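Going from the sequence shown to the working numbering is simple: count from 1 and add 151. Here a beta-carbon is modelled for each residue, glycine too, at the ideal position from N, C-alpha and C. Nothing here was measured: the structure is a model prediction, and the numbers come from that model. Below: one structure, written as structure tokens.
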Amino acid sequence: MRPDQAPADHDDLDPKDWPATRAQAHRMLDDMLDYIQNVRERPVWQPIPDVARNGMRQPLPRRPTPLAEVHAEFLSEVLPYGTGNVHPGFMGWVHGGGSVAGMLGEMLAAGLNANLGGRDHMPIEVEKQILRWLGPLFGMPEGAGGLFVTGSSMANFMAILVARTAALGADVRRRGLAGAPLVAYASAAVHGCVRRGMEMSGLGFEALRAIPVDRDWRMDIEALGAAIRADRAAGLRPFLVVGTAGTVDTGAIDPLEAIADLARAEGLWFHVDGAYGALARLAPGLAPRLAGIERADSLALDFHKWGQVPYDAGYLLVRDGALQQRTFAAPAVYLGREARGLAAGSPWPCDFGPDLSRGFRALKAWFTLKVYGTDHLGAVIEQTCVLAQYLKARVEASPELELMAPVNLNIVCFRLRGADPDALNRSVVERLQVAGLAAPSTTTLHGRLVIRAAIVNHRTQPRDIDTLIEAVLAHAGNPNTA
Ligand SMILES: Cc1ncc(COP(=O)(O)O)c(C=O)c1O
């Protein structure tokens with residue numbers, strides 16, 4: 152191209168008709184608000200009909216489709232077939248219910264389209280503010296590192312990497328493990344992502360010792376001590392212990408204080424997986440049960456669970472931010488730092504984790520924390536535990552049901568008695584889900600399949616517990632009840 156032949160302006164992606172787009176955007180927002188406002192009128196979940204599933208399989212859209220048409224397709228083919236976790240009857244797995252303020256924050260973040268990998272801009276200050284709030288809440292000093300990540304699977308994995316640096320020095324990044332016989336410890340009830348983190352970090356899952364749990368599903372501290380001693384005697388190198396604040400199956404809280412003492416005495420990194428339980432710190436009635444969490448070297452938690460922030464919004468806190476930086480920071484010539492201008496503000500978030508480009512997850516969390524306030528969020532968390540106690544009481548009052556684990560926080564494991572209880576309870580859960588009445592999930596405790604209700608959603612009320620119990624009881628002695 153000759154320099155005197157400047158190309159013509161091209162057709163960019165902004166609306167051609169701003170007023171029409173604005174009206175359509177308002178309709179889309181209204182529809183979504185209607186969806187949330189009227190959530191109770193719909194089934195908790197419904198299976199995806201073949202026509203919707205197949206209808207999604209379309210060729211790459213080379214030609215444009217009007218926004219209103221795409222939205223209409225979303226309304227009819229996508230919206231009705233979500234996971235259901237916005238619904239108060241959803242009690243499966245450990246899913247948060249989201250919130251309107253969080254949703255709006257997410258929308259604004261998308262409009263701003265900020266990249267929080269680095270550089271000097273206000274969105275990074277918002278993310279730093281979350282650290283200024285969270286750090287003191289969890290006893291972390293000035294200089295602690297904090298970073299939004301996808302979820303606690305990622306946060307736990309990153310914590311293993313930071314602990315690995317603490318044990319072997321940053322040289323591990325150059326040399327790899329080089330045969331260092333590192334071993335880590337977690338309770339047998341730890342979330343599977345910790346084992347995967349061991350695999351991904353090159354340590355291998357065999358180097359994760361599954362410490363037995365007591366009758367309350369809490370790590371047995373004597374067994375932990377014995378395992379550490381045995382490994383040292385075998386010439387291995389203990390480096391990390393993971394305590395869980397709210398296990399995924401039963402909501403058990405490991406004896407964090409005792410683990411912290413032992414970790415300190417043995418010179419181990421103390422990581423807490425507080426994926427959903429950590430935010431119980433916001434609830435005055437529950438906070439004392441997390442005593443010891445403030446001594447963690449690192450902590451994983453999710454705002455998208457009990458924090459009611461829309462997915463995804465995981466978080467990693469590390470007491471020694473400089474160590475976290477030494478674990479991840481990787482210089483690149485085009486990412487040079489300056490004292491002034493857009494390239495100022497070093498260190499950048501990308502120096503504290505594996506992601507370079509990062510979205511503005513912090514904004515939806517910032518909106519949620521500010522709009523509701525942590526007192527209200529804490530009260531909601533406490534209320535889910537009250538509902539769990541109510542569910543427990545209803546289970547115990549029903550001779551057809553048996554409680555299968557202690558109710559520590561907001562998770563209730565129970566099942567219908569019957570001839571083949573595993574098959575019966577599996578089919579009951581499936582039927583409840585398909586009928587759209589309630590959505591608990593299942594887990595296996597001591598080899599027995601149980602119905603697991605994890606009450607996480609701020610919208611769940613006592614009547615939703617009644618619906619669950621009555622729907623389960625409708626199957627008592629009659630596994631074929633629809
Ligand atoms: C205790 C615990 N740890 C880790 C995770 C994984 O978190 P995420 O799904 O955010 O990756 C979960 C998920 O439920 C959990 O309950």
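Assuming residue i contacts residue j under a Cβ cut-off of 8 angstroms, what Cβ separation, rounded to an integer in Å, is found between them?
i, j, result
"Ala223", "Gln175", "The pair is not a contact, with the Cβ atoms about 11 angstroms apart (cut-off 8 angstroms)."
"Ala442", "Ala431", "Contact flag wrong, Cβ pair sits at about 11 angstroms."
"Leu184", "Phe518", "That pair is no contact at about 15 angstroms."
"Leu468", "Leu486", "No, Leu468 and Leu486 are not in contact; Cβ-Cβ is about 24 angstroms, not under 8 angstroms."
"Asp405", "Met370", "4 angstroms"
"Ala384", "Ser303", "Actually they do not touch by this definition, with Cβ atoms about 33 angstroms apart."
"Thr301", "Asp463", "5 angstroms"
Determine whether the beta carbon atoms of residue i and residue j lie at a separation below 8 angstroms.
i, j, result
"Val601", "Phe565", "yes"
"Leu554", "Ile616", "no"
"Asp400", "Ala340", "yes"
"Ala403", "Asn307", "no"
"Ala252", "Val546", "no"
"Gly510", "Leu267", "yes"
"Gly428", "Gly397", "yes"
"Gln197", "Pro231", "yes"
"Ala556", "Leu520", "no"
"Ala574", "Pro591", "no"
"Ala539", "Leu588", "no"
"Gly496", "Arg270", "yes"
"Ala447", "Phe421", "yes"
"Lys515", "Val460", "yes"
"Val580", "Thr593", "yes"
"Val392", "Leu433", "no"
"Phe356", "Gly465", "no"
"Leu474", "Val345", "no"
"Leu319", "Ala310", "no"
"Leu328", "Gly348", "no"
"Val531", "His609", "yes"
"Pro389", "Val334", "yes"
"Ile620", "Met242", "no"
"Gly458", "Gly247", "yes"
"Arg470", "Ala361", "no"
"Glu551", "Arg568", "yes"
"Pro498", "Ala480", "yes"
"Tyr336", "Ala378", "yes"
"Thr618", "Thr478", "no"
"Glu278", "Ala494", "no"
"Glu228", "Gly206", "yes"
"Val245", "Val190", "no"
"Glu506", "Gln476", "What sits at residue 506 in the sequence shown is Asp, not Glu. Not in contact: Asp506 and Gln476 (Cβ atoms no closer than 8 angstroms)."
"Gly436", "Glu533", "yes"
"Ile372", "Leu407", "no"
"Asp182", "Leu226", "yes"
Could you check where the alpha helix (DSSP H) with residue i kicks off and where it finishes?
i, result
"Asp573", "Pro572 to Ala586"
"Ala203", "Asp201 to Gly206"
"Ile620", "Pro613 to Leu624"
"Asp382", "Ile372 to Ala384"
"Leu596", "Where Leu596 is concerned, there is no enclosing alpha helix (DSSP H), although the beta strand (DSSP E) it sits in stretches over Ser592 to Leu596."
"Phe518", "Arg512 to Tyr523"
"Gly348", "Gly343 to Met351"
Could you give the residue range of the beta strand (DSSP E) that holds residue i?
i, result
"Pro505", "Counting along the chain, Pro505 falls outside any beta strand (DSSP E), and DSSP gives it neither H nor E."
"Ile311", "No beta strand (DSSP E) contains Ile311, which is instead part of the alpha helix (DSSP H) from Ser303 to Leu319."
"Thr216", "Where Thr216 is concerned, there is no enclosing beta strand (DSSP E), given that its DSSP letter is neither H nor E."
"Val563", "Ile562 to Leu567"
"Glu276", "Run containing Glu276: none in the beta strand (DSSP E); it sits in the alpha helix (DSSP H), Met273 to Leu288."
"Arg446", "No beta strand (DSSP E) holds Arg446; DSSP gives it neither H nor E."
"Leu468", "Gly465 to Val469"
"Ala335", "Leu333 to Ser338"
"Arg603", "Arg599 to Ala605"
"Ala361", "Leu359 to Ile362"
"Leu328", "Segment: none, Leu328 is in no beta strand (DSSP E) and carries neither H nor E."
"Phe479", "No beta strand (DSSP E) contains Phe479, which is instead part of the alpha helix (DSSP H) from Gly472 to Phe479."
"Gly297", "Gly296 to Val300"
"Glu122", "Residue 122 is absent from the model: the chain starts at 152 and stops at 633."
Requested in this report: Could you tell me which uninterrupted alpha helix (DSSP H) segments, each at least 4 residues in length, are contained entirely in the segment 393 to 423, listed from first to last along the chain?
Outcome: 407 to 417
Query raised in the report: Enumerated in chain order, which unbroken segments of the alpha helix (DSSP H) with a length of 4 residues or greater are wholly contained in the segment 153 to 202?
Result: 169 to 188
Report task. Starting from the N-terminal side, write out each stretch of the alpha helix (DSSP H) that is 4 residues or longer and does not extend beyond the segment 228 to 272. Result -> 251 to 263
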